[in-house]
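Mapping of the sequence shown onto my numbering: residues 252 to 336, in sequence order. The beta-carbon is built from N, C-alpha and C at its ideal position, and this holds for glycine as well. Values in this document were obtained by computation on a predicted structure and should not be read as measured data.
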Amino acid sequence: MDNKKIKPGVVHGVPNDLRKALSSSSEVAEAWNDLTPLARNEWICWVISVKKAETREQHIERVWTELLEGKRRPCCWPGCQHRGK
């Protein structure tokens, strides 16, 4: 899948590590692009908001898995704090 076809969020662009994961499967990329811009933004912010690289990798893996499960937003997360700024 072409990296340019991975759509961004409202506030956040897609970081390279997440873009690479999303692009690794046409099914995941399609599920990602089917999300609303606000939902994509929530996932992106959820991934970039962590402090440790290890946790970020875990979040990226969860995005990939949960998109395949049909989930549309990260569970149990208060949402992007950057949207209102």
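| query | result |
| --- | --- |
| Mapping the DSSP letters down to three states, classify H333 as helix, strand or coil. | coil |
| Can you give me the Cβ contacts of G260 inside the same chain, cut-off strictly under 7 angstroms, excluding the 5 residues immediately before and after it? | P288, R291, N292 and I295 |
| Tell me which same chain residues have a C-beta within less than 7 angstroms of the C-beta of A279, skipping the five on either side of it? | Just to set this straight, residue 279 is Val in the shown sequence, not Ala. Cβ within range, chain order: L273, W315, L318 and L319. |
| Between which two residues does the alpha helix (DSSP H) carrying R307 extend? | A304 to L319 |
| According to the neighbour-count rule (16 or more other Cβ atoms, all chains shown, within 10 Å of its Cβ), is A282 buried or exposed? | buried |
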